[in-house]
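Enquirer: What follows is a structure written as structure tokens; I'll ask about it next.
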Amino acid sequence: MFFLRSNYRHPEFRQGALDALAVAPGLAAWGLMTGVAMMNSGMSTAEALLMAVIVFAGSSQLAAIPLLTAGAPMWVILATGFCVNLRFVVFSAHMRPYVMHLPLWQRLVTGYLTTDLTYVLFTKRFPHHEGDAAQRRAQQAYLAGNCGVNWAAWVGCSVLGVVLANFIPTHWGLGLAGILALLGILCSLASSRLRVVSAGVAGAAAVVAFALPFKLNILVAIAAAVAMCLLLENTPLAHREQA
Amino acid sequence: MTGSTDPWTMAIIIGLAGVTVLTRSFFFISSKPWKLPHWAQRGLQYAPIAALAAVIVPEIVMTQGQFISTWQDARLFAVAAGAAWFFWRQGAGQAVLGTIVAGMAVYLPLHLGLGW
Numbered sequence: 002m003f004f005l006r007s008n009y010r011h012p013e014f015r016q017g018a019l020d021a022l023a024v025a026p027g028l029a030a031w032g033l034m035t036g037v038a039m040m041n042s043g044m045s046t047a048e049a050l051l052m053a054v055i056v057f058a059g060s061s062q063l064a065a066i067p068l069l070t071a072g073a074p075m076w077v078i079l080a081t082g083f084c085v086n087l088r089f090v091v092f093s094a095h096m097r098p099y100v101m102h103l104p105l106w107q108r109l110v111t112g113y114l115t116t117d118l119t120y121v122l123f124t125k126r127f128p129h130h131e132g133d134a135a136q137r138r139a140q141q142a143y144l145a146g147n148c149g150v151n152w153a154a155w156v157g158c159s160v161l162g163v164v165l166a167n168f169i170p171t172h173w174g175l176g177l178a179g180i181l182a183l184l185g186i187l188c189s190l191a192s193s194r195l196r197v198v199s200a201g202v203a204g205a206a207a208v209v210a211f212a213l214p215f216k217l218n219i220l221v222a223i224a225a226a227v228a229m230c231l232l233l234e235n236t237p238l239a240h241r242e243q244a
Numbered sequence: 009m010t011g012s013t014d015p016w017t018m019a020i021i022i023g024l025a026g027v028t029v030l031t032r033s034f035f036f037i038s039s040k041p042w043k044l045p046h047w048a049q050r051g052l053q054y055a056p057i058a059a060l061a062a063v064i065v066p067e068i069v070m071t072q073g074q075f076i077s078t079w080q081d082a083r084l085f086a087v088a089a090g091a092a093w094f095f096w097r098q099g100a101g102q103a104v105l106g107t108i109v110a111g112m113a114v115y116l117p118l119h120l121g122l123g124w
């Protein structure tokens with residue numbers, strides 16, 4: 002991780018940081034609005050600050066805020082957070098071969114810091130997990146640089162949002178910058194026909210299944226898109242592949 | 009400082025941080041040798057773009073859980089402008105940053121000026 006010397010002296014650390022910096026403005030605006038949302042929900046400053054600094058998962062924070070202010074039982078809030086985060090369980094299955102050579106505590110820290118954006122950027126840069134020791138070091142350095150910038154931008158701006166909540170108007174819709182950051186990454190991934198199909202199926206499924214609780218529509222959408230792409234893999238549509 | 013701080017709420021927030029660690033590291037925890045089946049490994053390469061689309065699309069075509077019924081929505085134009093910028097630059101350089109800036113440059117005037 003970013004506090005390990007062997008990582009931040011590696012050239013891939015810089016690459017990972019640069020890739021994260023390109024999305025940082027979107028992430029920053031999103032973090033800012035999450036900070037504001039926490040304060041506007043009636044949480045105390047200390048509660049909002051603690052959440053901004055340690056939870057590090059925007060969607061589960063936004064899901065938990067109304068439950069916290071409504072006084073829902075702890076297990077309901079934690080179960081909601083778990084369900085909203087289920088997509089990360091899928092990502093961890095994908096990331097597993099990249100990290101299993103690390104000691105357990107480093108694996109847990111890596112997991113904790115690997116958000117959607119880092120997962121997407123990392124698997125784009127390193128599509129294959131096979132590799133020698135030098136390749137593994139490069140992967141870890143990239144991951145560290147990416148997570149470091151991501152964490153600083155998100156947490157820094159969430160804290161700023163908490164502190165400045167009274168001065169930032171929510172009706173401006175600054176949070177859209179976060180969506181545009183994700184859109185930019187999505188465009189950069191659209192490098193094969195099947196990936197475009199995957200995005201289309203997932204987007205439509207997420208809208209159709211929107212009424213599901215706990216943001217499960219996202220998981221349903223991923224499952225539908227992956228299943229559709231596996232079915233289409235051996236058809237003419239998939240030819241002229243592969244990115 | 010505003011509001012009264014409730015220790016139980018603080019405990020729940022710490023629990024949520026634990027949930028973040030648990031879900032993001034879910035398959036890192038056990039070190040038993042284990043491999044994904046081959047089809048699942050192939051399928052997972054379509055997961056990142058699917059996850060992004062699943063997050064983005066409802067955020068731009070829905071309001072309060074309902075499909076929008078008008079094209080006069082600033083988000084649609086912002087997304088079109090952002091994507092147009094990305095593909096015009098063919099993803100080179102800081103195209104992602106440009107996507108954000110181009111999208112917001114279209115969004116803010118439409119949203120704040122025209123109320124779309």
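Those sequence lines, one after another, are chains A and B. For reference, each letter of the first sequence is one residue, going 2 to 244 in this note's numbering. For reference, each letter of the second sequence is one residue, going 9 to 124 in this note's numbering. Glycine is no exception: its CB is placed at the ideal position from the N, C-alpha and C atoms.
1. Assign TRP42(B) to buried or exposed, taking buried as 16 or more other Cβ atoms, counted over all protein chains shown, within 10 Å of its Cβ.
2. Would you give the residue range spanned by the alpha helix (DSSP H) that GLN49(B) belongs to?
3. Of all the CB atoms in chain A, is at least one closer than 8 Å to the CB of ALA25(B)?
4. Which of the residues in the segment 43-60 of chain A, read from start to end, lie with their CB under 7 Å from any CB of chain B?
5. In whole angstroms, give me the CA-to-CA distance for GLY128(B) and ALA91(B).
6. Going along chain B, which residues have a C-beta under 9 Å from GLY157(A)?
7. Give the range of the alpha helix (DSSP H) segment to which PHE83(A) is assigned.
8. Per the DSSP calculation, MET96(A) is bridged to which residue(s)?
9. Determine the contact status of LEU28(A) and ALA154(A), defining contact as a CB-CB distance below 8 Å.
10. Going along chain A, which residues have a C-beta under 8 Å from PHE95(B)?
11. Is the CB-CB distance between ALA225(A) and VAL202(A) below 8 Å?
12. Of all the residues that make up the segment 101-115 of chain A, which are near chain B by a beta-carbon distance shorter than 9 Å?
13. Below 9 Å on C-beta distance, what does PHE36(B) contact in chain A?
14. Can you check which of these residues, THR116(A), HIS102(A), ALA71(A) and ASN147(A), is closest to VAL90(A) by C-alpha distance?
15. Apply the 10 Å Cβ neighbour rule to ASN235(A) and answer buried if 16 or more other Cβ atoms are within range, or exposed otherwise.
16. Would you say TYR143(A) lies against chain B (beta-carbon separation less than 8 Å)?
17. Would you please verify whether the beta carbon of ARG88(A) is less than 8 Å from any beta carbon of chain B?
18. Mind pulling the chain B residues with CB within less than 9 Å of TRP173(A)?
19. Go ahead and pull the three-state DSSP assignment for PHE123(A).
20. Could you please give me the residues that DSSP links to MET70(B) through a beta bridge?
21. Establish whether the CB of GLY1(A) and some CB of chain B are separated by less than 8 Å.
22. Can you name, in chain order, every residue of its own chain whose Cβ lies under 6 Å from the Cβ of CYS158(A), other than the five neighbours on each side?
23. Tell me the DSSP secondary structure of ARG194(A) in three-state form.
24. Use the C-beta contact count for TRP76(A): other C-beta atoms within 10 angstroms, 16 or more gives buried, fewer gives exposed.
25. Between the C-alpha atoms of ARG97(B) and SER12(B), what's the straight-line distance to the nearest angstrom?
26. Is GLY99(B) helix, strand or coil by DSSP?
27. Indicate whether at least one CB of chain B lies closer than 8 Å to the CB of ASN218(A).
28. What residue from ALA18(A), LEU233(A) and ALA210(A) has the CA that sits closest to GLN74(B)'s CA?
29. By the 10 Å Cβ neighbour count, where 16 or more other Cβ atoms means buried, how is GLU242(A) classified, buried or exposed?
30. Run through chain A and tell me which residues come within less than 8 Å of SER33(B), C-beta to C-beta.
31. Determine, using beta carbons only, whether ALA88(B) comes closer than 8 Å to chain A.
32. With a threshold of 16 other CB atoms inside 10 Å of the CB of SER189(A), please say whether the residue is buried or exposed.
33. When DSSP labels each residue in this structure, what does ALA244(A) get in the three-state scheme?
34. Might you give, ordered along the chain, the residues of its own chain that have their beta carbon closer than 7 Å to the beta carbon of MET52(A), omitting 5 neighbours on each side?
35. From the DSSP output, in three-state form, read off PRO170(A) for me.
36. From ASN41(A) to PHE34(B), what distance separates their C-alpha atoms?
Expert: This is what the structure holds:
1. As a working note, residue 42(B) is residue 34 in the second sequence. So TRP42(B) counts as exposed.
2. Taking the second sequence and counting its residues from 1, one reaches residue 49(B) at position 41. For GLN49(B), the enclosing alpha helix (DSSP H) has its first and last residue at 46-52.
3. What you label residue 25(B) is simply residue 17 of the second sequence in a count that begins at 1. By this cut-off, ALA25(B) is an interface position.
4. Those residues of the segment 43-60 of chain A that come within reach of chain B (Cβ to Cβ, closer than 7 Å) are GLY43, MET44, SER45, THR46, ALA47, GLU48, LEU51, MET52, ILE55, VAL56, PHE57 and ALA58.
5. Chain B is shown only over 9 to 124; residue 128(B) falls outside these bounds and no answer can be derived.
6. The sequence position of residue 157(A) within the first sequence is 156, counting from 1. Among the residues of chain B, none has a CB under 9 Å from the CB of GLY157(A); the nearest is roughly 17 Å distant.
7. For the purposes of this step, residue 83(A) is taken as the residue at position 82 of the first sequence. DSSP places PHE83(A) in the uninterrupted alpha helix (DSSP H) bounded by 75-85.
8. Mapped onto the first sequence, residue 96(A) falls at position 95. Beta bridge pairing from DSSP links MET96(A) with no other residue.
9. Locating residue 28(A) in the first sequence gives position 27, where the first residue counts as 1. Locating residue 154(A) in the first sequence gives position 153, where the first residue counts as 1. Closer than 8 Å, so yes.
10. By one-based count along the second sequence, residue 95(B) stands at place 87. Simply CYS188.
11. Within the first sequence, residue 225(A) is the residue found at index 224, counting from 1. Within the first sequence, residue 202(A) is the residue found at index 201, counting from 1. In contact: ALA225(A) and VAL202(A) (Cβ atoms closer than 8 Å).
12. Of all residues in the segment 101-115 of chain A, MET101, LEU103, LEU105, ARG108, LEU109, VAL110, THR111, GLY112, TYR113, LEU114 and THR115 have a Cβ within less than 9 Å of some Cβ in chain B.
13. Within the second sequence, residue 36(B) is the residue found at index 28, counting from 1. Near PHE36(B) (Cβ distances below 9 Å), the residues of chain A are SER93, MET96, ARG97, VAL100, MET101, LEU103, LEU105, ARG108, LEU109, THR111 and GLY112.
14. Residue numbering aside, residue 90(A) sits at position 89 when the first sequence is read from its first letter. If you compare the alpha carbons of THR116(A), HIS102(A), ALA71(A) and ASN147(A) with that of VAL90(A), the shortest gap goes to THR116(A).
15. One-based indexing of the first sequence puts residue 235(A) at position 234. By the neighbour-count rule (16 or more Cβ atoms within 10 Å), ASN235(A) is not buried but exposed.
16. As a working mapping, residue 143(A) is identified with position 142 in the first sequence. Not one chain B Cβ lies under 8 Å of TYR143(A).
17. Looking up residue 88(A) in the first sequence gives position 87. Chain B contact via Cβ: present.
18. Numbered from 1 along the first sequence, position 172 holds the residue referred to as residue 173(A). In chain order: LEU116, HIS119 and LEU120.
19. Indexing the first sequence from 1 puts residue 123(A) at position 122. Three-state DSSP puts PHE123(A) in a helix.
20. The residue you call residue 70(B) lines up with position 62 of the second sequence. Under DSSP, the beta-bridge partners assigned to MET70(B) are PHE75(B).
21. Residue 1(A) lies beyond the residue range present for chain A, which begins at 2 and ends at 244; the question has no answer from this structure.
22. Taking the first sequence and counting its residues from 1, the one referred to as residue 158(A) is at position 157. ALA29, GLY32 and LEU33, listed in sequence order.
23. What you label residue 194(A) is simply residue 193 of the first sequence in a count that begins at 1. Residue state for ARG194(A) is assigned as helix, using DSSP reduced to three classes.
24. Counting from one through the first sequence, the residue named residue 76(A) turns up at place 75. It is exposed - the Cβ of TRP76(A) has fewer than 16 other Cβ atoms within 10 Å.
25. Taking the second sequence and counting its residues from 1, the one referred to as residue 97(B) is at position 89. Taking the second sequence and counting its residues from 1, the one referred to as residue 12(B) is at position 4. So the alpha carbons of these two residues sit roughly 51 Å apart.
26. Stepping through the second sequence from its first residue, residue 99(B) is reached at position 91. For GLY99(B), the secondary structure class from DSSP, reduced to helix, strand or coil, is coil.
27. Sequence index remark: in the first sequence, residue 218(A) carries index 217 (1-based). Cβ-Cβ to chain B under 8 Å: yes for ASN218(A).
28. As a first step, residue 74(B) is located in the second sequence; it is residue number 66 there, counting from the start. Looking at the Cα atoms, ALA210(A) is the closest of the given residues.
29. Along the first sequence, read from residue 1 onward, the residue named residue 242(A) stands at position 241. The predicted position of GLU242(A) is uncertain, since its pLDDT is 49 and thus under 50; a value taken from the coordinates is nonetheless stated next. GLU242(A) is exposed by the Cβ-count criterion.
30. Residue 33(B) sits at position 25 when you count from the first residue of the second sequence. Residues of chain A passing the Cβ test: SER93, ARG108, LEU109, THR111, GLY112 and TYR113.
31. Within the second sequence, residue 88(B) is the residue found at index 80, counting from 1. No, because no Cβ of chain A sits closer than 8 Å to the Cβ of ALA88(B).
32. On the first sequence, residue 189(A) is found 188 positions in, with the first residue counted as 1. With 16 or more other CB atoms across the displayed protein chains lying within 10 angstroms of its CB, SER189(A) is buried.
33. Reading the first sequence from its first residue, position 243 is the one you call residue 244(A). No answer about ALA244(A) holds up, because its pLDDT of 42 lies below 50 and its placement is not dependable.
34. Walking along the first sequence from the start, residue 52(A) turns up at place 51. Within the same chain, MET52(A) has close Cβ partners MET39 and GLN62.
35. Along the first sequence, one-based indexing puts residue 170(A) at 169. Note: PRO170(A) maps to coil in three-state DSSP.
36. If you number the first sequence from 1, residue 41(A) lands on position 40. If you number the second sequence from 1, residue 34(B) lands on position 26. When rounded, the distance between both Cα atoms is 32 Å.
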